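Participant: Numbering (the working numbering), first residue to last: 5 to 598. All C-beta atoms in this analysis are idealised placements derived from N, C-alpha and C, irrespective of residue type, glycine included. Values in this document were obtained by computation on a predicted structure and should not be read as measured data. Could you have a look at this structure, given as structure tokens, before my questions?
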Ligand code: PEP
Ligand code: MG
């Protein structure tokens, strides 16, 4: 058996300590490689493969038919996929390998795919070479039909395990439940990647960005995950296991104690009230928001209904989903963010052409303004839900007043449609802009003309301001919430909002990290929206800080020229003021610089 107490270090993504057995997912590991022995077996395998081809064809054809006439580009891609599916190199080659090499269908298909990949790699034309992505998309779809494996089945185990994977998509992560997955480790990802955010809201401890994890950890090995520090211990000896068991209990006791104060209001020690709201991704999280004392939902990320299933959701499905959240949260307000697809979240059913740089591509409001049919359906569903409680609408990734104006025009047009149909919606629905692109900070004064409120999305704002990909582990240590440029941007947005008399919140992960709360209070932020599990500790920090002190901390931090100085200063202040909170390293938050 391999060495005891092997220490690996990654990026802490979701707090908590767990000890369990590793279940390693590798791409190859997901393809079973059985050999066939009898002629009957070969025949049955060929039939199974042909059935999967038919099912894949039906699926792509159906998706093709569901596409709106104006989405020509996507229709072309699906037509191309149909051609690839029936191409000799994929179809006949797989059948040949089953017949002649006695490979099972999955293995034969994989070999055929690898062969095509090699051919593509030799092609000089970059554009044609890039089409291997389409072959891969067809291969994956076909494999899905062969194995009957859907994301929800990926995580069904008789006993809870620790998942070790190269990468997990946000959608795969939503299928995890803490009764089956105790924790997970991935090789890719950064602390504000959507996979990390979801793990946090599901309260599943996680470490991401751990190089070679799937090679270093063997299936069935015992593993300790410390989601507070990013440390992973493989094959612990008794002493190590005991020491982590103690730490785990201490942390859980601390968490429980902090949670007990979660219903208390978020008022500074000198009486200034703030609002602490929840970020949610799924309706099930509303109960967490209540449990941890949220004053409302400051960010409902609505992507997952689009990512979880193969077809686009219908207006009715969306409406039911939003109504459920709005009613369950009532009478508190719910801020529904319109579709933010793209970046590290992809709209799989439509098979959009892969982009070179998705974070700078057709994402969020840009996508919605282009695909207006999809957008209108969502707006209609949100407006209908507004008749059942307090709803606000928020547009992501606004980078110019024109975009905000166009989005508002569409909203008005959808209201007109509802009026004509005699369908009820609230007479006043506030409309906000997310401030997450530097251009929006610079033009914030102009945006206040058409925005009823702002919400600063620091996950993206930091990414775009510092040019640091939020999901890339190689630059994760440069992702700095306390960068002087970021602090100045926050200050500017707060000042502009105050002048215009509109509310301003912060809803990026920075707002849920206790380390940053006094600085943010001092910069004038009064609304914080975060992962529900972070609410109790953030409220505690707010209650133990006076506005005067916070303003002094912010003032001193703003005078420092480098982020290293700011980090040193703020960490020292916080360790000194809140020794109980910071003794675990990374307390109940995902965002502290490791
Ligand atoms: C953000 O960018 O800070 C944000 C809250 O949005 P998301 O993380 O969904 O991009
Ligand atoms: Mg964002």
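Helix, strand or coil, according to DSSP, for residue 243 in the structure here?
Facilitator: Reduced to three states, the DSSP call for residue 243 is helix.
Participant: Classify residue 180 as helix, strand or coil using the three-state DSSP reduction.
Facilitator: DSSP places residue 180 in coil when its eight states are reduced to three.
Participant: Identify, in the order they occur along the chain, each residue of the same chain with its Cβ nearer than 7 Å to the Cβ of residue 33, setting aside the five sequence neighbours on each side.
Facilitator: Annotation note: pLDDT 37 at residue 33 (below 50); position unreliable, coordinate value reported separately. Excluding residues within five positions, none has a Cβ falling inside 7 Å.
Participant: So residue 602 and residue 138 are in contact, right, with Cβ under 8 Å, and what is the actual spacing, rounded?
Facilitator: Residue 602 is absent from the structure shown; the chain starts at 5 and stops at 598.
Participant: Could you check if residue 193 belongs to the surroundings of ligand 2, using beta carbon to heavy atom distance under 7 Å?
Facilitator: No.
Participant: Starting from the C-beta of residue 586, find all residues in its chain whose C-beta is less than 7 Å away, skip the five residues before and the five after it, and write them out in chain order.
Facilitator: If we look at residue 586 and ignore the five residues flanking it on each side, its Cβ neighbours are 578, 579.
Participant: Kindly indicate which three-state DSSP category residue 438 falls into: helix, strand or coil?
Facilitator: It is a strand residue.
Participant: Please indicate yes or no: does the CB of residue 511 lie closer than 7 Å to some heavy atom of ligand 1?
Facilitator: Checking every heavy atom of ligand 1 against the Cβ of residue 511, one is found closer than 7 Å.
Participant: Return the chain-ordered list of same chain residues with a C-beta closer than 6 Å to the C-beta of residue 588, the five sequence neighbours on each side being excluded.
Facilitator: Contacts found: 232, 255.
Participant: May I ask which residues mark the beginning and end of the alpha helix (DSSP H) holding residue 63?
Facilitator: Looking at the DSSP string, the run of the alpha helix (DSSP H) that includes residue 63 is 43 to 70.
Participant: Considering only C-alpha positions, which residue in the set 539, 455, 396, 470 is nearest to residue 491?
Facilitator: Among 539, 455, 396, 470, the Cα nearest to that of residue 491 is on 470.
Participant: Which word fits residue 243, buried or exposed, when buried means at least 16 other C-beta atoms lie within 10 angstroms of its C-beta?
Facilitator: Residue 243 comes out exposed.
Participant: Could you compute how far the alpha carbon of residue 458 sits from the alpha carbon of residue 18?
Facilitator: If I take the Cα positions, the gap works out to 27 Å.
Participant: Do residue 484 and residue 522 come within 8 Å of each other at the CB atom, strictly closer than that value?
Facilitator: Not a contact, by the Cβ cut-off of 8 Å.
Participant: Grab me the residues of residue 418's own chain with a C-beta within less than 6 Å of its C-beta, minus the 5 sequence neighbours each way, in chain order.
Facilitator: Only 380, 383, 384 meet the Cβ criterion.
Participant: Between which two residues does the alpha helix (DSSP H) harbouring residue 423 extend?
Facilitator: Segment 405 to 425, the alpha helix (DSSP H) holding residue 423.
Participant: Check the DSSP bridge columns for residue 279 and list the partner residues they point to.
Facilitator: Residue 279 is bridged to 531.
Participant: Please report the Cβ distance between residue 493 and residue 445, rounded to the nearest whole angstrom; I am assuming they are in contact, meaning their Cβ atoms lie under 8 Å.
Facilitator: Going by Cβ atoms, the distance from residue 493 to residue 445 rounds to 5 Å, so yes, they are a contact pair.
Participant: Nearest to residue 570 by CA position, among 496, 489, 525, is which residue?
Facilitator: Comparing Cα positions, the closest option is 489.
Participant: Please identify the residue among 266, 178, 23, 533 whose C-alpha is closest to the C-alpha of residue 279.
Facilitator: If we check each option's Cα against that of residue 279, 533 comes out closest.
Participant: Residues in the same chain with beta-carbon distance under 8 Å from residue 165, minus the five sequence neighbours each way, listed in chain order, please.
Facilitator: The answer, listed in chain order, is 24, 25, 26, 27, 184, 185, 186.
Participant: Taking the beta strand (DSSP E) that residue 25 falls in, what are its first and last residues?
Facilitator: Note, residue 25: beta strand (DSSP E), 21 to 29.
Participant: Is it buried or exposed, residue 464, if we count other Cβ atoms within 10 angstroms and call 16 or more buried?
Facilitator: Flag for residue 464 reads buried.
Participant: Using the Cβ count rule (16 or more neighbours within 10 Å means buried), how would you classify residue 5?
Facilitator: Note on residue 5: pLDDT 49, under 50, position unreliable in the model; the coordinate value appears next. So residue 5 ends up on the exposed side.
Participant: Tell me the DSSP secondary structure of residue 355 in three-state form.
Facilitator: Bear in mind that the predicted position of residue 355 carries a pLDDT of just 46, short of 50, making it unreliable; the figure below should be weighed with that in mind. It is coil, neither helix nor strand.
Participant: Between the beta-carbon of residue 213 and the beta-carbon of residue 477, is there less than 8 Å?
Facilitator: Taking 8 Å as the Cβ cut-off, residue 213 and residue 477 qualify as a contacting pair.
Participant: How many whole angstroms separate the CB atoms of residue 531 and residue 500, which I take to be in contact at a CB cut-off of 8 Å?
Facilitator: Rounded, the Cβ-Cβ distance is 15 Å, inconsistent with contact.
Participant: Look at residue 150 and residue 210 and say whether their C-beta atoms are less than 8 Å apart.
Facilitator: No, the pair does not count as a contact, with Cβ atoms beyond the cut-off.
Participant: In whole angstroms, what is the alpha-carbon distance linking residue 207 and residue 416?
Facilitator: Taking the straight line joining both Cα atoms gives about 39 Å.
Participant: Going by the DSSP bridge assignment, what does residue 304 pair with across the sheet?
Facilitator: DSSP, once it has assigned bridges, lists 284, 340 as partnering residue 304.
Participant: Could you give the DSSP three-state label for residue 564: helix, strand or coil?
Facilitator: The answer is coil: DSSP assigns residue 564 none of H, G, I, E or B.
Participant: If we require 4 or more residues per run, which alpha helix (DSSP H) segments fall completely within the segment 469 to 534?
Facilitator: As far as the segment 469 to 534 is concerned, its whole alpha helix (DSSP H) runs of at least 4 residues are 488 to 504, 521 to 527.
Participant: Three or more C-beta pairs closer than 8 Å, one from the segment 429 to 447 and one from the segment 387 to 404: is that the case here?
Facilitator: Result yes; three or more Cβ-Cβ pairs closer than 8 Å.
Participant: For a test of your reading of the model: does the CB of residue 367 fall under 7 Å from any non-hydrogen atom of ligand 1? Yes or no.
Facilitator: Checking every heavy atom of ligand 1 against the Cβ of residue 367, none is found closer than 7 Å.
Participant: With a 10 Å radius around its C-beta and 16 neighbouring C-beta atoms as the bar for buried, classify residue 317 as buried or exposed.
Facilitator: Classification of residue 317: buried, given that the 10 Å Cβ count is 16 or more.
Participant: Please return the same chain residues whose Cβ sits closer than 6 Å to the Cβ of residue 8, not counting the five positions on each side in sequence.
Facilitator: So the list reads 239, 241, once near-sequence residues are dropped.
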